[in-house]
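Chemist: Using UniProt numbering, you'd call the opening residue of the sequence shown number 1 and step up by one each time.
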Amino acid sequence: MAYYRQVGEVPQKRHTQFRDGDGNLYREELMGEEGFSSDSSLLYHRGVPSAVVDSQVWELPDQVRVPNHPLKPRHLRLGELATGTCAVRDRRQVLGNNDVRIGYVVTGTEASPYYRNAIGDECVFVWKGSGTVETVFGVVSYRAGDYVVVPRATTHRWVPAEPSWLYAIEANSHIAPPKRYLSRYGQLLEHAPYCERDLHGPTQPLVEQGEDVEVLVKHRTSAGVVGTRLVYATHPLDVVGWDGCLYPYTFNIDDYMPITGKVHQPPPVHQVFEGWNFVICNFLPRKVDYHELAIPVPYYHSNVDSDEVMFYVGGDYEARKGSGIGLGSVSLHPGGHAHGPQPSAIEASLGVDYFEESAVMVDTFAPLELGEGGLAAEDPAYPWSWAGRGPDGGDSPAVFSNS
Numbered sequence: 001m002a003y004y005r006q007v008g009e010v011p012q013k014r015h016t017q018f019r020d021g022d023g024n025l026y027r028e029e030l031m032g033e034e035g036f037s038s039d040s041s042l043l044y045h046r047g048v049p050s051a052v053v054d055s056q057v058w059e060l061p062d063q064v065r066v067p068n069h070p071l072k073p074r075h076l077r078l079g080e081l082a083t084g085t086c087a088v089r090d091r092r093q094v095l096g097n098n099d100v101r102i103g104y105v106v107t108g109t110e111a112s113p114y115y116r117n118a119i120g121d122e123c124v125f126v127w128k129g130s131g132t133v134e135t136v137f138g139v140v141s142y143r144a145g146d147y148v149v150v151p152r153a154t155t156h157r158w159v160p161a162e163p164s165w166l167y168a169i170e171a172n173s174h175i176a177p178p179k180r181y182l183s184r185y186g187q188l189l190e191h192a193p194y195c196e197r198d199l200h201g202p203t204q205p206l207v208e209q210g211e212d213v214e215v216l217v218k219h220r221t222s223a224g225v226v227g228t229r230l231v232y233a234t235h236p237l238d239v240v241g242w243d244g245c246l247y248p249y250t251f252n253i254d255d256y257m258p259i260t261g262k263v264h265q266p267p268p269v270h271q272v273f274e275g276w277n278f279v280i281c282n283f284l285p286r287k288v289d290y291h292e293l294a295i296p297v298p299y300y301h302s303n304v305d306s307d308e309v310m311f312y313v314g315g316d317y318e319a320r321k322g323s324g325i326g327l328g329s330v331s332l333h334p335g336g337h338a339h340g341p342q343p344s345a346i347e348a349s350l351g352v353d354y355f356e357e358s359a360v361m362v363d364t365f366a367p368l369e370l371g372e373g374g375l376a377a378e379d380p381a382y383p384w385s386w387a388g389r390g391p392d393g394g395d396s397p398a399v400f401s402n403s
């Protein structure tokens, strides 16, 4: 995030001696993006942050993806997908490409291993549940409706207070507010649908002690995404203080102020974050179009440069009535295929002045492929739901669903 914060103890001047009460020197670590040319923070460790004593292979869950071929829209019943209970090790890959991967896991209440994603930032949406994320910067609490944004290479672990349904958006880049929301110095502007008050980072250090601490690291090779188990001589979460503009934070969708208009507004007005070659939007409860002839549900659209993914997390999504989609569903509407509301939803929406719906959208500018979790959760009837019959000429069961 692009505004300055200080947590814990730091010296008066950077890159100078900083010692504890016994005269021991703290070790300064710069975490910075884009080769010293973008946001950074300075962290002060008790131990040596590079002191590893072992390195072994971490076998990741199935990373194989298959193309969306033949081309068709997809409905993935994510809420019914079984997973393990670890927030890190048991994520099942739902969709992905070389810019972003979407995973899903329902946790138990046990803490995850310490973990670091060295490929890109993570934006994890909490559909249900609560707990904390312990990080090298300190602790952030999470609750239902939070986005938990964790910068690339941040050592952390998830500590659920209760089972948590997590929708993990893993980038190959950084994730930040859209540039059009920011001043040239990085402040969120008046027309942005949220502000710095809505972003909640760590407020105090978490100084842990220990030896031979294992950290799971997700990183890249020429062969793709791989994992390594690193063992550190001292605890990596031993930071007594830090300052800078790079740190994890949470943002809750209840603090997002939807933008509405006299006629239907396009998806970019609902944007919350952006990464390289993808954006994240959220569609939330709101007053809708107030023109006397307005059609509140979306018009049919061919977003020719993008694949669109919607995760339906609350309320009753008006445009998808009659499709079989319900809470916990994910829809994939690929580029090259026009999509929009179910035919019956258009007339039904006329005169409606408020939508009680919540969904998280990811739009990508490269085609998405299906991971093993997505294939396991697929509803085969969905592609034919607009026509009312399947390829064999029979009725499509999804058309008659009230979900």
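Think of the CB as a built atom: it goes at the ideal place given N, C-alpha and C, for glycine as much as any other residue.
Determine the burial state of Y3: buried for a count of at least 16 other Cβ atoms within 10 Å of its Cβ, exposed for fewer.
Modeler: Y3 comes out exposed.
Chemist: Under a three-way DSSP split, which group does D20 fall into?
Modeler: D20 falls in the coil class under three-state DSSP.
Chemist: Figure out for me which residue from A223, S306, R320 and M361 has the closest Cα to the Cα of V64.
Modeler: V64 has its Cα closest to that of A223, out of A223, S306, R320 and M361.
Chemist: Taking a contact to mean a Cβ-Cβ separation below 8 Å, would you say H104 touches L78 in this structure?
Modeler: For the sequence presented, residue 104 should be read as Tyr rather than His. Going by C-beta atoms, Y104 is nearer than 8 Å to L78.
Chemist: Can you tell me whether L375 is helix, strand or coil according to DSSP?
Modeler: DSSP places L375 in helix when its eight states are reduced to three.
Chemist: Quick one: is S396 buried, meaning 16 or more other Cβ sit within 10 Å of its Cβ, or exposed?
Modeler: Because S396 carries a pLDDT of 47, less than 50, the predicted location of this residue cannot be relied on, and the following value inherits that uncertainty. Buried, by the Cβ-count rule.
Chemist: Name the residue from T155, Y142 and L188 whose alpha carbon lies nearest to the alpha carbon of L166.
Modeler: Comparing Cα-Cα distances from L166 to each of T155, Y142 and L188, the minimum goes to Y142.
Chemist: Determine contact between the stretch 293 to 305 and the stretch 39 to 55, defined as no fewer than three beta-carbon pairs at a distance below 8 Å.
Modeler: With a cut-off of 8 Å, the stretch 39 to 55 and the stretch 293 to 305 do not count as touching, because too few Cβ pairs lie within range.
Chemist: Starting from M257, follow its DSSP beta bridges and name the residues at the other end.
Modeler: Partner(s): none; M257 has no beta bridge.
Chemist: So, using beta-carbon positions, are G314 and S358 closer together than 8 Å?
Modeler: Yes, the Cβ-Cβ distance between G314 and S358 is below 8 Å.
Chemist: Let me know if K287 comes out buried or exposed under the rule of 16 or more other beta-carbons within 10 Å of its beta-carbon.
Modeler: Exposed, by the Cβ-count rule.
Chemist: In three-state terms, what does DSSP make of W384?
Modeler: Here W384 sits in helix by DSSP.
Chemist: Would V136 pass as a contact of L216 if the rule is Cβ separation under 8 Å?
Modeler: Contact flag unset, no.
Chemist: By Cβ distance, which residues of its chain are closer than 6 Å to D146, with the 5 residues on each side in sequence left out?
Modeler: V126, T250 and N252, listed in sequence order.
Chemist: How is the alpha helix (DSSP H) around A345 delimited, first residue to last?
Modeler: That run of the alpha helix (DSSP H) goes P343 to S349.
Chemist: Please report the distance separating the alpha-carbon of Q209 from that of R157.
Modeler: Going by the C-alpha atoms only, they are around 15 Å apart.
Chemist: Do you know offhand how far A153's Cα is from C123's?
Modeler: Roughly 13 Å between the two C-alpha positions.
Chemist: When the Cα of E211 is compared with those of A192, L189, L237 and Y290, which residue comes out closest?
Modeler: Of A192, L189, L237 and Y290, the residue nearest in Cα terms is L237.
Chemist: Within the same chain, show all residues whose beta-carbon is closer than 7 Å to that of V240, passing over the 5 residues directly before and after it, in chain order.
Modeler: Excluding sequence neighbours, V240 sits near G8, E9, Y26, Y44, R46, P205 and V207.
Chemist: Would you kindly work out how many angstroms separate the C-alpha atoms of V133 and A387, rounded to a whole number?
Modeler: Straight-line Cα distance between these residues: approximately 45 Å.
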